[in-house]
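Read through the structure below, which is laid out as structure tokens, and then see the notes.
Chains as they are written, first to last, in the working numbering: chain U, 22 to 436; chain W, 5 to 313.
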């Protein structure tokens, strides 16, 4: 029996043969396969599904509109979440990256969702000349030229990790500005979840908070698998902070929200994009998550009334029966940028190869749902907007419609 | 917060944590005491228990923290949750013994222990597969009552946990010391062959100890859920490992030792977070374990193991 997965592989194999063969002209019907990687197993499964679905929708739209004549886009989903980690697992990310590199029909990737996975994948993708565009991972080290020899050792340190969101080098500090200027925070305690993303964003926040004159009472790491944070929260309470900042994802975040609601009910609490999404809301639950501030590393678009966004939201809901969030949109954008890069190659009658897609990405500006997207020489998006939200219960909407519970406050003051 | 209040507060936190570890540790210690087997499936029986309790509460229409009950309905729902969860967990424990471990009892070496590790993963991955990997908001119908001692605050769930743990542990002690089946358990623990010759139904004794240990894990699961209002498919591993450590620290096979070990680990974990740092808790717990075992290899209260001579 030919399963769906097999048939995709078979089709891709034919396409690969076509590209490798002499008849790789732009006119011949071609299939272009895109890998999609997200943390579909574990604590962040709900937001991972929205991210993966965003990219899938973009490829479907491109096929339906015949965006690139003669090219059909297919995809293969990869899951970097594992049962043993209970959330994203960098080791699984590395395995996925090797599989992607080894499959000659894959010419580009969307993902990963998480920075910890990105750190593991980037060097492997670099060696395989395979670019990826992440719609949500924000750790700045991966694209920082200082660490180019670690994360993109091959091809003369050519960029391999592109983003349709900005990095924690902006997300953390802009949020620190928000705490200092808008919330008038004076004394803050900082926690992170020991992951690559959590540590990075918490450190970036801490640096800017100190510059803004906020007294940082301490910075501790939580073990995301430990159920009990009451002791550290009691210690924090004894220092009498007026604010708490958490860098990390929902696995530790939901438990932190629960327990800090009991122990530190009256202070400002906030985090980054790791606590935006249905995972944090449903596991934390109201009233524990009420009042938490959170950011995303891009402009706020979900639920917007604009023509393109409205049409996108309708298509997304009717196809996946899920309400898209902002990173579903940046994921759509990421896949759409790849579609446009392929389109450019076809127009210029260049073969659709991994290296050519990279060169195309570095030169194009693509009109996406979030506006024009272009990349700098490291693969980072040129826009640095960070949006701030506060969680407030909207009883008229179900918790699974997560963005209805995150009330947009505005763009954070730029660092 | 004054130094004294802080100490009182952290002691409350530590005792609560310790009471849960102690309940969980009893399951390890009972099975070890009788069969000299470390039952790693216990981790996941506890985790499954949190989901059984969660669905029991939801069957009563209690979701999240929005439904608060008082008086008799509250007591009724809590009792129902405890009974259902303890019976289901006890049943899982008995099935593990009856269908898997009994067949391996004659096999020497680590086959039984590896089997329990396997069952542990099967249970946790089944929950991942059929229920999901996300975190779950555990329903809690208990009114948010607070008691104040100076600046220290006690949630009403905390004394409830102590009382439930104490009652269950005393009940278990009574059962083991004073009932006929308890006597049979002690006899089996001392020498299974001799016990069999004296007419003790060893199979039944072992099945009972699996039922009791797993039912206590079920009780710990309800308590855990009500206190943290959270569960997840991996939640058994961290708590289970510490409870196992508690059992070894107190002297494996020794029922009072498991209780003492549980309370100690809970307090050590809390005080480490207070005075050193929360990510040092595991280092300190396991360092103390190693030091205790170096000087008292049988644990604090001595170990009780079958006489296999």
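All C-beta atoms, glycine included, are put in the ideal place defined by N, C-alpha and C.
Just so it is clear, the structure is predicted and the values come from calculations on it, not from any experiment.
Query                                                                                                                                       : Result
Beta-carbon separation (whole angstroms), residue 218 (chain U) vs residue 142 (chain U), contact threshold 8 Å                             : Contact flag wrong, Cβ pair sits at about 14 Å.
For residue 305 (chain U) and residue 257 (chain U), the rounded distance between their alpha carbons                                       : 20 Å
DSSP-derived helix/strand/coil call for residue 261 (chain U)                                                                               : coil
Range covered by the beta strand (DSSP E) that runs through residue 240 (chain U)                                                           : 236–242
Cβ of residue 296 (chain W) within 9 Å of any chain U Cβ                                                                                    : no
Cβ-Cβ separation, residue 241 (chain W) to residue 47 (chain W) (assumed contact under 8 Å), whole Å                                        : 6 Å
Per-residue DSSP class, three states only, for residue 418 (chain U)                                                                        : coil
CB contact flag (residue 213 (chain U), residue 238 (chain U), <9 Å)                                                                        : no
Test: residue 59 (chain W) CB closer than 9 Å to a CB of chain U                                                                            : no
Chain U contact for residue 151 (chain W) (CB, 9 Å cutoff)                                                                                  : no
9 Å Cβ cutoff, residue 169 (chain W) in contact with chain U                                                                                : no
Amino acids of chain W, ordered along the chain, whose beta-carbon sits closer than 9 Å to that of residue 252 (chain U)                    : 14, 17, 18, 21, 273, 274, 275, 276, 277, 278, 282 and 285
N- and C-terminal bounds of the alpha helix (DSSP H) containing residue 3 (chain W)                                                         : What is shown of chain W runs 5 to 313, which leaves residue 3 (chain W) out entirely.
Proximity of residue 244 (chain W) and residue 22 (chain W) at Cβ, strictly below 9 Å                                                       : no
Rounded distance between the beta-carbons of residue 349 (chain U) and residue 65 (chain U), thought under 8 Å                              : About 13 Å separates the two Cβ atoms, so there is no contact after all.
Contact the segment 182–191 of chain U vs the segment 141–159 of chain U: 3+ CB pairs below 8 Å                                             : yes
Chain-order list of residues whose beta-carbon lies under 7 Å from that of residue 156 (chain W) (same chain, five-residue window excluded) : 9, 12, 13 and 16
Collapsed DSSP secondary structure at residue 18 (chain W) in the structure displayed                                                       : helix
Straight-line Cα distance separating residue 127 (chain W) from residue 120 (chain W)                                                       : 10 Å
Chain-ordered neighbours of residue 107 (chain U) on chain W, where CB pairs are closer than 8 Å                                            : 137, 236, 237 and 238
Contact belief for residue 68 (chain U) with residue 300 (chain U) at Cβ below 8 Å, rounded distance in angstroms                           : 6 Å
Beta-carbon proximity of residue 318 (chain U) to residue 157 (chain U), cut-off 9 Å                                                        : yes
C-beta neighbour in chain U for residue 258 (chain W), strict 9 Å                                                                           : no
is_contact[residue 380 (chain U), chain W] using C-beta, thresh 9 Å                                                                         : no
Complete runs of the alpha helix (DSSP H) confined to the segment 193–235 of chain W [at least 4 residues]                                  : 196–201 and 206–232
Meets three-Cβ-pair contact criterion under 8 Å: the segment 69–81 of chain W and the segment 244–263 of chain W                            : no
Neighbourhood of residue 143 (chain W) by C-beta, 7 Å cutoff - its chain only, sequence neighbours within 5 removed                         : 58, 61, 62, 66, 67 and 68
C-beta atoms of residue 423 (chain U) and residue 253 (chain U) nearer than 9 Å                                                             : no
Residues of the segment 221–244 of chain U whose Cβ lies closer than 7 Å to any Cβ of chain W, in chain order                               : 241, 242, 243 and 244
Residue 81 (chain W), buried or exposed, once every other Cβ within 10 Å from all chains shown has been counted against 16                  : buried
Through-space distance from residue 305 (chain W) to residue 428 (chain U), alpha-carbon basis                                              : 56 Å
Residue 444 (chain U), DSSP secondary structure in three states                                                                             : No answer is possible for residue 444 (chain U): it lies beyond the span of chain U, which begins at 22 and ends at 436.
Per DSSP, the bridge partner or partners of residue 94 (chain U)                                                                            : U:53
Selection of the segment 55–80 of chain W by Cβ proximity to chain U, strictly under 8 Å                                                    : 68, 69 and 70
Three-state class that DSSP yields for residue 402 (chain U) in the structure shown                                                         : strand
Buried versus exposed, by CB contacts within 10 Å (16 or more), residue 334 (chain U)                                                       : buried
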